[in-house]
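**Q**
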Ligand SMILES: Cc1ncc(C[n+]2csc(CCOP(=O)(O)OP(=O)(O)O)c2C)c(N)n1
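Structural data, given as structure tokens:
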């Protein structure tokens, strides 16, 4: 679906606020994953502000599009964006990772807007395939999106799912790779290179496009191209920066799964771009 194109200046303000929230949530919890959350901010905002059909007051609405968060550890950004677009109140974000809270460290179906529990990497794309194929069999106009990490792509199960999607010509699925170049233990390129990534997806029968994953216009255009793509699955390879916006977190694997302490939070909020 195409909504009216949102004003980019106001979306940039939303992105800034979401980044502030990610930093505050992880600081308050004393744990969490800021790096791969800060990299996925514009991707998720684009889906909710521009592309997806959903009703935040009725998250299981039959006419909705689906989003599967395969990199299920990036809850700070996912919860912050869901609260921004009305799925629950922003005050709940302060319960992140607390005992008894719905907002646990990995995404869970108890949270409005979350379709599937993830955290064990490599599962989301297969589940997304199932949802997309099911919608096609029911002749529903449902789009299915799946957010993947680049480190996550080293799991072989993703490539089985990639084969499945093209074999069944699942053209209502759009995978989005948050290609932030850094995984838990260091640079993806050194640990197990994905390159040539677009060609790999294409050789598995997908249409692949590459964008700057922090540029709303480029992401919108890719999402529009997905709408036009027929008979094959679609992947957006979004080039991003892990820890985007905070200079001492950018490209630094130390911030994959570590929360800023009070002093670091102060520094990060002052530094935030
Ligand atoms: C099957 C599995 N193996 C290992 C982990 C531990 N783990 C959590 S996040 C992560 C790194 C993922 O890297 P990437 O996909 O690049 O995530 P991002 O940088 O976007 O946060 C790993 C190895 C896991 N959650 N699941």
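Residue numbers (the numbering used here): 250 to 522. Using N, Cα and C, we set each Cβ at its ideal position, and we do this for glycine too.
Go through its chain and collect everything with a Cβ distance to residue 400's Cβ below 7 Å, but skip five positions before and after it.
**A** Counting only Cβ-Cβ distances below 7 Å, and skipping sequence neighbours, we find 432, 433, 437.
**Q** Determine, using beta carbons only, whether residue 330 and residue 297 come nearer to each other than 8 Å.
**A** Yes, the Cβ-Cβ distance between residue 330 and residue 297 is below 8 Å.
**Q** Leaving out the 5 sequence neighbours to the left and right, which residues in its chain are closer than 7 Å to residue 421 when beta-carbon positions are compared?
**A** Hits under 7 Å: 381, 384, 385, 391, 392, 393.
**Q** So, at 8 Å on beta carbons, what are the nonlocal neighbours of residue 514 in its own chain, with the 5 sequence-adjacent residues on each side left out?
**A** Correct list, in chain order: 272, 273, 276.
**Q** Smallest Cα separation from residue 285: which of 489, 497, 510, 424?
**A** Of the candidates 489, 497, 510, 424, the one whose C-alpha sits nearest the C-alpha of residue 285 is 489.
**Q** Could you check whether the Cβ of residue 399 sits closer than 7 Å to any heavy atom belonging to ligand 1?
**A** Correct: residue 399 has its Cβ closer than 7 Å to ligand 1.
**Q** Whole angstroms is fine: what's the gap from residue 324's alpha carbon to residue 454's?
**A** Those two C-alpha atoms are separated by around 31 Å.
**Q** Classify residue 479: buried if its beta carbon has 16 or more other beta carbons within 10 angstroms, exposed otherwise.
**A** Exposed.
**Q** Under 7 Å: does the beta carbon of residue 409 sit that close to some heavy atom of ligand 1?
**A** Flag unset: Cβ of residue 409 not near ligand 1.
**Q** Whole-angstrom Cβ separation of residue 443 and residue 402, contact assumed at under 8 Å?
**A** So it is a contact: roughly 6 Å between Cβ atoms.
**Q** If you measure from the CB of residue 370, is any heavy atom of ligand 1 nearer than 7 Å?
**A** Yes, since a heavy atom of ligand 1 falls inside the 7 Å radius drawn around the Cβ of residue 370.
**Q** For a minimum of 4 consecutive residues, which ranges assigned as the alpha helix (DSSP H) are wholly contained in the segment 284-364?
**A** Runs found: 284-287, 290-295, 324-333.
**Q** Going by DSSP, name the residue or residues bridged to residue 474.
**A** Bridge partners of residue 474: none, in fact.
**Q** Do residue 498 and residue 342 have their CB atoms nearer than 8 Å?
**A** Contact flag unset, no.
**Q** Pick out the complete beta strand (DSSP E) segments inside the segment 380-419, 3 residues or longer, and give them in chain order.
**A** As far as the segment 380-419 is concerned, its whole beta strand (DSSP E) runs of at least 3 residues are 393-398.
**Q** Residue 416: beta carbon under 7 Å from a heavy atom of ligand 1?
**A** No, since every heavy atom of ligand 1 falls outside the 7 Å radius drawn around the Cβ of residue 416.
**Q** Let me know the secondary structure DSSP gives residue 248 once reduced to three states.
**A** What is shown of the chain runs 250 to 522, which leaves residue 248 out entirely.
**Q** Under the assumption that residue 415 contacts residue 481 (Cβ atoms under 8 Å), give the Cβ distance between them as a whole number of angstroms.
**A** Indeed they touch by this definition, with Cβ atoms about 6 Å apart.
**Q** With hydrogens ignored, establish whether the beta-carbon of residue 326 is closer than 7 Å to any heavy atom of ligand 1.
**A** Incorrect: residue 326 has no Cβ contact closer than 7 Å to ligand 1.
**Q** Can you say whether residue 445 is buried or exposed, counting buried as having 16 or more other CB atoms within 10 angstroms of its CB?
**A** With fewer than 16 Cβ atoms within 10 Å of its Cβ, residue 445 is classed as exposed.
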